[in-house]
Amino acid sequence: MRLSLAGACALVLACAMQAHAQRPVKVFISVDMEGIGGVVTAEQLGPTGFEYARFREFMTAEALAAIDGARQAGATQFVVADSHGNEQNLLIERFPADVTIIRGSPRPLGMMEGIDSTFAAAFFIGYHSATTNARGVRAHTISSATLAAIRINGRATAESGMNATIAGYFGVPVALISGDSDAVAEMKALVPSVEGAVVKRAISFHAAATMPPEASQALIRARARAAIERLREMQPFVVRAPIQLELTYKNYTPAEMMAYLPGVERIDSHTIRYTGRSIIDVSRFMGFAMGYRADLTP
Ligand SMILES: [Zn+2]
126 MRLSLAGACA
136 LVLACAMQAH
146 AQRPVKVFIS
156 VDMEGIGGVV
166 TAEQLGPTGF
176 EYARFREFMT
186 AEALAAIDGA
196 RQAGATQFVV
206 ADSHGNEQNL
216 LIERFPADVT
226 IIRGSPRPLG
236 MMEGIDSTFA
246 AAFFIGYHSA
256 TTNARGVRAH
266 TISSATLAAI
276 RINGRATAES
286 GMNATIAGYF
296 GVPVALISGD
306 SDAVAEMKAL
316 VPSVEGAVVK
326 RAISFHAAAT
336 MPPEASQALI
346 RARARAAIER
356 LREMQPFVVR
366 APIQLELTYK
376 NYTPAEMMAY
386 LPGVERIDSH
396 TIRYTGRSII
406 DVSRFMGFAM
416 GYRADLTP
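Numbering (the working numbering), first residue to last: 126 to 423.
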């Protein structure tokens with residue numbers, strides 16, 4: 126059979142469209158709050174803050190902007206993990222009916238609960254820099270109250286680095302991060318190909334030069350679209366196992382008691398070391414170390 130050029134093109138296009146229809150492009154979106162445009166203090170970050178109700182709206186709108194942009198570039202399925210504080214911040218009624226939302230805790234993969242190897246990309250929205258960052262807005266790792274540092278295989282690590290490692294374990298690249306200038310710079314240092322949406326310039330722990338919500342949402346929408354368009358260039362961030370986790374506490378007693386557990390070593394006055402077979406072990410260990418109390422109910 127001979128085809129005209131136009132006929133061949135039509136056939137190729139039809140095949141491509143069919144392949145597209147068959148293979149969903151799934152995007153996993155982990156949403157934190159400190160890196161949402163405008164956030165600078167605890168007043169925006171929890172139910173007792175006078176601006177929290179409005180900033181839940183902005184957090185939700187930035188997540189929706191990421192979905193919107195990704196869809197424009199061909200993404201078809203979305204799982205969104207509400208990953209800040211009580212993990213019940215996102216206004217779920219604002220999301221399209223085909224989106225799945227992960228909320229509540231505890232959960233074994235923490236901020237990455239819901240990801241698996243079927244996803245094409247991971248997005249981090251509203252992220253902040255590591256506890257070891259001297260300037261980032263609300264810079265902390267997991268807990269600003271209790272931890273002074275987290276290291277993975279000897280390297281000081283932000284939540285973004287830890288979560289990129291979880292995505293990498295499943296072979297999923299981090300394609301987009303939004304947050305303040307330092308949060309984006311930390312992720313780019315690990316994953317140079319990542320799309321970054323800087324929605325505010327960090328001035329100090331409690332200060333930033335920020336975009337208004339309309340602009341931050343437009344930027345995230347555009348970067349999300351670019352991230353999916355550039356998916357071929359994105360590589361998963363893979364950390365070779367076993368994975369050594371070091372936690373430096375702000376106090377002595379947690380380090381002392383955690384070292385009672387077999388497999389946990391106290392390496393200095395404030396620091397413990399745990400070695401996991403994979404980042405999944407490390408994530409579960411972190412969940413225990415940060416969340417366990419003997420008076421947990423129910
Ligand atoms: Zn947070």
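Positions of the beta carbon are idealized from the N, C-alpha and C atoms, including for glycine.
Which one or two residues does DSSP pair with residue i in a beta bridge?
| i | result |
| --- | --- |
| Ser403 | Paired residue(s): none; Ser403 is not in a bridge. |
| Val224 | Phe203 |
| Ile277 | Arg280 and Leu370 |
| Thr335 | Lys325 |
| Ala340 | Answer is none; Ala340 lacks a bridge partner. |
| Lys151 | Gln202 |
| Tyr252 | Gly304 |
| Glu390 | Arg398 |
| Ala245 | Per DSSP, none; premise fails for Ala245. |
| Leu272 | Tyr374 |
| Glu187 | Paired residues: none, contrary to the question. |
| Val156 | Asp207 and Ile250 |
Nearest CA to the CA of residue i: which residue from the options?
| i | options | result |
| --- | --- | --- |
| Glu371 | Ala414, Ala347, Ala222 and Met359 | Ala414 |
| Ile262 | Asn288, Ile291, Phe220 and Ser329 | One point to set straight first is that residue 262 is Val, not Ile, in the sequence displayed. Among Asn288, Ile291, Phe220 and Ser329, the Cα nearest to that of Val262 is on Ser329. |
| Arg402 | Ala259, Gly174 and Pro367 | Pro367 |
| Glu354 | Ala322, Gln197 and Lys375 | Gln197 |
| Arg276 | Met287, Tyr377 and Glu187 | Met287 |
| Thr271 | Gly416, Thr422 and Leu421 | Gly416 |
| Phe244 | Asp420, Glu284, Thr266 and Val152 | Val152 |
| Ala247 | Phe362, Ile392, Val324 and Gln342 | Phe362 |
| Ile291 | Met236, Ser269, Ile267 and Gly279 | Met236 |
| Arg346 | Asp420, Val324 and Tyr385 | Val324 |
| Val407 | Arg365, Gln342 and Gly229 | Arg365 |
| Leu315 | Ala178, Ser254 and Arg179 | Ser254 |
| Asn278 | Gln369, Ala264 and Tyr377 | Gln369 |
| Phe410 | Pro423, Pro387 and Ile392 | Pro387 |
| Ser208 | Gly199, Ile392, Arg181 and Ala222 | Arg181 |
| Ile240 | Gln342, Ile154, Gly171 and Ile267 | Ile154 |
In chain order, what residues of the same chain have a beta carbon less than 6 Å from the beta carbon of residue i, not counting five sequence neighbours either side?
| i | result |
| --- | --- |
| Glu238 | Ala206, Ile227 and Arg232 |
| Pro149 | Thr201 and Gln202 |
| Ala144 | With a pLDDT of 48 at Ala144, under the threshold of 50, the modelled position of that residue is not reliable, and no figure is offered here. |
| Met359 | Pro298, Ala300 and Ser318 |
| Ala352 | Ala300, Leu301 and Glu320 |
| Arg418 | none |
| His265 | Thr256 |
| Gly229 | Glu212 |
| Ala146 | Because the pLDDT of Ala146 is 49, which lies under 50, any placement of that residue in the model is unreliable, and the number read from its coordinates should be weighed accordingly. For Ala146, where only same-chain residues beyond five positions count, there are no Cβ hits under 6 Å. |
So, at 7 Å on beta carbons, what are the nonlocal neighbours of residue i in its own chain, with the 5 sequence-adjacent residues on each side left out?
| i | result |
| --- | --- |
| Ala274 | Thr256, Thr257, Ala281 and Thr373 |
| Val319 | Val299, Ala300, Leu301, Ile302, Met312 and Lys313 |
| Ile217 | Ile226 |
| Met184 | Val156, Met158, Ile161, Asn214, Leu215 and Gly251 |
| Arg219 | Thr185 and Leu189 |
| Tyr294 | Ser403, Ile404 and Ile405 |
| Met383 | Val389, Ile397 and Ala414 |
| Ser425 | Absent from the structure is residue 425, since the part of the chain shown begins at 126 and ends at 423. |
| Gly412 | Pro231, Pro233 and Gly235 |
| Gly174 | Ala167 and Glu168 |
| Ala327 | Arg260, Gly261, Val262, Asp305, Ser306, Asp307 and Ala333 |
| Pro338 | Gly162, Gly163, Phe183 and Ala186 |
| Ala283 | Ser254, Ala255, Thr266 and Glu311 |
In chain order, what residues of the same chain lie with their CB nearer than 8 Å to the CB of residue i, ignoring the 5 residues before and after it?
| i | result |
| --- | --- |
| Ser429 | The structure shown does not extend to residue 429, since the chain is modelled only from 126 through 423, so no value can be given for it. |
| Arg348 | Gly194, Leu301, Ser303, Glu320, Gly321 and Ala322 |
| Val224 | Ile192, Phe203, Val204 and Val205 |
| Ala332 | Val165 and Val262 |
| Ser269 | Thr256 and Arg263 |
| Pro423 | none |
| Lys427 | A query on residue 427 cannot be resolved here, the shown segment of the chain reaching from 126 to 423 and no further. |
Please indicate yes or no: does the CB of residue i lie closer than 8 Å to some heavy atom of ligand 2?
| i | result |
| --- | --- |
| Gly163 | Questions concerning ligand 2 fall outside what the structure shown contains, since the ligands it does hold are ligand 1. |
* Counting Cβ pairs closer than 8 Å, one from the segment 387-406 and one from the segment 305-312, do we hit at least three? -> no
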